[in-house]
Every structure is written in C-alpha cells, then in structure tokens.
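Undergrad:
Number of protein chains: 2
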Amino acid sequence: MAIHLVRKIEAYTRLSAEERQALLALVANNVRRIPSRQEMIREGERPTHVQLLLDGWAFRHKTLVDGRRQIIAFFLPGDMCDLNITLLREMDHSITSLTSVSVAEISHGVIDALLLRYPRIMRALWWETLVNAAIQREWTVNLGQRTAFERIAHLLCEVFMRLRIVGRTNGQKCEFPVTQAELGEAVGLSTVHVNRTLQEMRAAGLITLNGKELTIIDLPQLQELAMFNPAYLHLDHEGREFDATPA
Amino acid sequence: MAIHLVRKIEAYTRLSAEERQALLALVANNVRRIPSRQEMIREGERPTHVQLLLDGWAFRHKTLVDGRRQIIAFFLPGDMCDLNITLLREMDHSITSLTSVSVAEISHGVIDALLLRYPRIMRALWWETLVNAAIQREWTVNLGQRTAFERIAHLLCEVFMRLRIVGRTNGQKCEFPVTQAELGEAVGLSTVHVNRTLQEMRAAGLITLNGKELTIIDLPQLQELAMFNPAYLHLDHEGREFDATPA
DNA sequence: CGAGCGATTGATCATAATCAAGCGATGTGG
DNA sequence: CCACATCGCTTGATTATGATCAATCGCTCG
C-alpha cells in the first residue's frame, strides 16, 4: 500500500534512498480502512491530520445551502488525495469514499517538517496539485461548454484513461462504482437525463455499463464525440528526468 | 511592481531578508508591458520562461475543437499567474490579457533553483496554487449547480471580494473590464442571456454595471441570492503565523 | 416477504440557446 | 468633418435541451 505513495511521487521526481525511507516511515503503522459511501472529511472542518488515500475510490463534493450537491473530483486508486489540507486551514469541501478505501493519517506537523527538509518531495507533491488543478479546469470546461452527451462521454474517457495509467483496466473494461445519480452530480445533470443519455450511448454501440462494470466499446469514437484531448492529464511528467542529486 | 510579488508571498509565509532579496532580484530588469486582449500564452505551447503577472487583469481559457470557448479563471491585479508552467511541460490552456498588464519573465531554470534553495518560498507558491485550485472548485460548483442568475451573482461577489482584499475597491464600486460576451464565456451562458440576467439584477436594485465600472448596491443580498460563502477564498492564510527561522 | 435502492419510462414544464435585427458610441479614413 | 465600419449592448420571437414530477420494475438484503 505505502509503496503506491512512493511510486506516485517518483512519477514526478526520482527520490534518494533517504527520501524514500522518510516517506515510507511516514505511512507505516497509520493505515486504516473505511467502508464505502462514508464521509471522511466534512466542509468546514479544521482537521489536524492529513488523510492520504492509498487505495480505493473517493470523491470531493460541495453542497449548497438549499441541498443541491456537486461532485467536484474523483479520486481513483493510486491517487493520493489531499495533502492540501495541510496548508489550508479550513476544508472548503467534503470528501466521501465511493468504495471501501484505505487511508494513512499523518499529523500536519510531521508532514510540514518532512517537506521543508526534503524540498524535492515538496516539489513532487506540488506537481500533483498542479495536475489535479488541470483536471479541475477541464471539468470547468466540461460543465460550461459541453452538452449532456459530451459531458458524460468526456468523464468516461477521463476515468478510463486515468485507470489505464495505473493498470486498473482490463482491455476495454474497467470498474466504475458510481451510481447514475452520482454521475449526474458530477456532470451537473439530473439522474433522469443521465439515464437517457447513457441509453443513447449504449444504443450507439459506444459503451456498456451495468452494475459496477464499464466497457468502452469504441474509445476513439467516444473521444471524438466528447472532444476529449488527454493533454490536460499531463501524463508526460517531466520530473521523471530529474534525478536525486542535490541541487 | 515587484514589491507586489513579495507582498503576495508574505501573505502566506514570512520571509527572511535573504529570501526577500532573492525574490526581488528575480524580477528586476525583466518586466514588460502587454496591451489588452492579447494572447500571452497559447494552449499547446511549451514555454521556456515563466510569466509572472505583476499588474492588470487577465484570464485563462480553453477552446474546444468546434470553437466553443470557456473562460476558466480571472487573474486580478495582485494575483500572480502562472508559476505552474514551470512544472508542467505543456500548456493545457491559453492566457489572455484583459487590460494592459505588466509581466516579469523568468527562465525555468532560475526559478527551479530558487525554489529548491528556499523551500519556504516554494511552500508559499504551492499555497497560492491551492487557493487557486479552491477557486476553480467553486467555479465547478457554479457551472454545475447554479442558475444563470446565481452564477453571475456569484462571480460578481467573488471578483468584488478579491478586489477588496487588494485594496482595489472604492466603497461599493470597482473596475470590471469584462464584456458581456466574456462574462458569458466565464459562466457558461450565451451573451443574450447574460444581458437579460444583468437587467434583472439592475431592476432588483442589486447592481449597477456600465462601461467598465461595477457597483454592488446590496452586497449582503447579492451574496444571499448567489449562495456565496467566501470560505473557499481562504482569506485566513495560516502562513502569516509562520516566521522565517529555519525549520 | 417487505423494504429500499438504483435503474428506467412517460408526460409536462422551464430555463436558457439560437436567430435576427437594431441601437448607440467610438474610431478611422477619405 | 463627415461617412461608414465596428463593437458592445439590447430587444423580440422561436426553439431545444434538459429539469421536474410521478410511477414502475428488478434486485438485494435483512
């Protein structure tokens, strides 16, 4: 589990043995499991610990005063959410597990000391933040400019691509533990309309989606229809070229 | 001008004299002015320099293959856009000036060396990234869940608040150099509908907006209607409490 | 077996897009 | 200095996308 964390960071910057050790030590002994659909952190809270997501699906969301809810981001296996709560005092959104997840809890002080001591690790985590921000920008475009069909198609492409990177796809198939209601909350559409749009996609021979399994039958076509350009995922992490020698 | 940069960073973390000097040296002699409505960086480019926005308004945007355009973020005076292009190889969006702006150009190598040498500065910039990401999340909610009226009201509240922090408001008034078409691109609405919604706001005695001047007549009411909660702007930067002694 | 959840269907309604045209201010070239 | 072009704003009429309301169905689970 903890090894995921190192792998993730090394996608951005190669680490020295010392740095790697420090990271692993951080996580050891502090992992716990949380069942699905459980709110892990709530908007408005001021957590004293960081929760590093090590495995499983989760999502960020915000709720308006009148109850309307927007899902803002999905965390997939291999992502590590939420270093940011170290730096920002108060949560501006909630995080809820979608599947059962495993989480490492680390106190703010410990993290902060680590980051100032190992700037290279800080830079890698900053990078992670920037990639997530790029994804958030694309979601803004998705909600602002695309039609219902395009929005859903785009989200499916994104999730599939992100899962493929971490080896969680099987041919054209992948897990997709999201209800239609949740999908609607992510793309700003009503459940009913999500349902009809999915049927349209099935009828067009583009996808299969039942239970928790998604099959993308014609990915190129789906990408085309969604105007999906994976550049925003920044899969070419420049940091892979940086080694661990001191600056 | 360059002093804005130091002030911005010190909103997050107090700097030592040495750190402050290093920052100022960075910007000196590399400032240029750019006229309004000029594309400064284009999606797909791989810039070799960072452009630090020192003064003026600008915006991020993305264009879909069929020409639909979404404005993703506004940069206001006192913001400093776009350290991030240091870390990400390829621009996933474009940046265009809205007013005439002044910009400092700094090479990637210089910045990277500075950040590894002064982790405290890196942390402050990361912080900035996180606040921007929080704003981006709120925009996602805005486009996904709010009505036309609420979206525009929310954006006006946000801009007004952000300007007020940096001392750019005058009572209920502030500059607002955004056309109705651009406003529409920011909130995902047609120009026509923006126009009608603004009229509705004027008729309700909430705002005045002509030329480039915005007056918010009844801010509390506008916030209420927009369901605007400023928590996401993270105005209480915890970093103010950190001093510059070594970690 | 009943409860509850998620998916599905049908009918109606509403918000916002689109199309088309006109207005007023600003600026430019002859 | 006037004629004309352009840009941003405004208005009216029509259309369409997606929301809402209401009900049913199938499955799982206690």
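For the protein sequence lines, the chains are X and A, in the order given. Taken in order, the first sequence gives residues 648 to 894; the numbers are from the numbering used here. Taken in order, the second sequence gives residues 648 to 894; the numbers are from the numbering used here. Where a beta carbon is used, it is the ideal one built from N, C-alpha and C, also for glycine. Quick caveat, the model's predicted, so the values are computed rather than measured.
#1: State yes or no: is the C-beta of Y765 of chain X within less than 9 Å of the C-beta of A669 of chain X?
#2: Would you mind giving the Cβ-Cβ distance between M808 of chain X and P867 of chain X, rounded to the nearest angstrom? I have them listed as a contact below 8 Å.
#3: For V748 of chain A, which three-state DSSP category applies?
#4: At the level of alpha carbons, what is the spacing between N789 of chain A and T844 of chain A?
#5: Going along chain A, which residues have a C-beta under 7 Å from T787 of chain X?
#6: Among X:P694, X:L700, X:A720, X:F721, which has the Cα closest to the Cα of D737 of chain X?
#7: Along the beta strand (DSSP E) that carries L882 of chain X, what are the first and last residues, could you check?
#8: Can you find the residues in the same chain that come closer than 6 Å, C-beta to C-beta, to V778 of chain X, ignoring five residues on each side of it along the sequence?
#9: For the region 850 to 880 of chain A, list every residue whose C-beta sits within 7 Å of some C-beta in chain X, in sequence order.
#10: Which residues does DSSP list as the beta-bridge partners of V697 of chain A?
#11: Starting from the Cα of E665 of chain X, find the closest Cα among X:N676, X:V653, X:E871 and give me that residue.
#12: Are three or more beta carbon pairs between the region 808 to 823 of chain A and the region 851 to 864 of chain A nearer than 8 Å?
#13: In chain X, what lies closer than 9 Å to K709 of chain A by C-beta?
#14: Can you list, in chain order, the residues of the region 758 to 771 of chain A whose Cβ is nearer than 9 Å to any Cβ on chain X?
#15: Pairs of beta-carbons, one from the region 741 to 749 of chain A and one from the region 703 to 714 of chain A, closer than 8 Å: are there three or more?
#16: Which two residues bound the contiguous alpha helix (DSSP H) that contains E860 of chain X?
#17: Compare the beta carbon distance of L830 of chain X and I799 of chain X with 9 Å and say whether it is the shorter of the two.
#18: Would T826 of chain A count as contacting chain X if we go by Cβ distances under 9 Å?
#19: Between I753 of chain A and the rest of its own chain, which residues show a CB-CB distance below 7 Å, the 5 nearest in sequence each way excluded?
#20: Would T776 of chain X count as contacting chain A if we go by Cβ distances under 9 Å?
#21: According to DSSP, simplified to helix, strand and coil, what is A720 of chain X?
#22: Shorter than 9 Å from the beta carbon of H740 of chain A to some beta carbon of chain X?
#23: Starting from K655 of chain X, follow its DSSP beta bridges and name the residues at the other end.
#24: Along the chain, where does the beta strand (DSSP E) that runs through A705 of chain A open and close?
#25: Using the C-alpha atoms, what's the distance from L763 of chain X back to V834 of chain X?
#26: What did DSSP end up calling D739 of chain A once you bin it into helix, strand or coil?
#27: The alpha helix (DSSP H) spanning L790 of chain X covers which residue range?
#28: Cβ of P824 of chain A within 8 Å of any heavy atom in the ligand GDP?
#29: Within the continuous beta strand (DSSP E) that includes M687 of chain A, where are the two ends?
#30: State the Cα-Cα distance for the pair M874 of chain X and A675 of chain X, rounded to the nearest angstrom.
#31: Alpha carbon to alpha carbon, how far is D883 of chain A from W773 of chain X?
#32: Hey, is M654 of chain A's beta-carbon within less than 9 Å of any beta-carbon in chain X?
#33: Should D739 of chain X be labelled buried (16 or more other beta-carbon atoms within 10 Å of its own) or exposed?
#34: So, with DSSP's three-state summary, where would you put E632 of chain A?
#35: With respect to the alpha helix (DSSP H) encompassing N857 of chain X, which residues constitute its N-terminal and C-terminal limits?
#36: Determine the contact status of A751 of chain A and E657 of chain A, defining contact as a CB-CB distance below 9 Å.
TA: Let's see:
#1: yes
#2: Not a contact, Cβ separation roughly 13 Å.
#3: strand
#4: 16 Å
#5: Q717, I719, Q783, W786, T787, L790
#6: Before going on, a small fix: residue 737 of chain X reads as Glu here, not Asp. Answer by Cα proximity: X:P694.
#7: It is not in any beta strand (DSSP E) - L882 of chain X carries neither H nor E in the DSSP assignment.
#8: H881
#9: M874, A878, Y879
#10: A:I753
#11: X:V653
#12: yes
#13: R784, E785, T787, V788, Q792, Y879
#14: D759, A760, L762, L763, R764, Y765, P766, R767, M769, R770
#15: yes
#16: Here E860 of chain X belongs to no alpha helix (DSSP H); instead the beta strand (DSSP E) covers 860 to 863.
#17: yes
#18: no
#19: L673, N677, H696, V697, L699
#20: yes
#21: strand
#22: yes
#23: Per DSSP, none; premise fails for K655 of chain X.
#24: 705 to 710
#25: 38 Å
#26: coil
#27: 766 to 792
#28: Here there are no bound small molecules, and the ligand GDP is not part of this structure.
#29: 686 to 688
#30: 42 Å
#31: 21 Å
#32: The residue asked about is misnamed: residue 654 of chain A is Arg in this sequence, not Met. By this cut-off, R654 of chain A is not an interface position.
#33: buried
#34: The structure shown does not extend to residue 632 of chain A, since chain A spans only 648 to 894, so no value can be given for it.
#35: It is not in any alpha helix (DSSP H) - N857 of chain X instead sits in the beta strand (DSSP E) that spans 854 to 857.
#36: no
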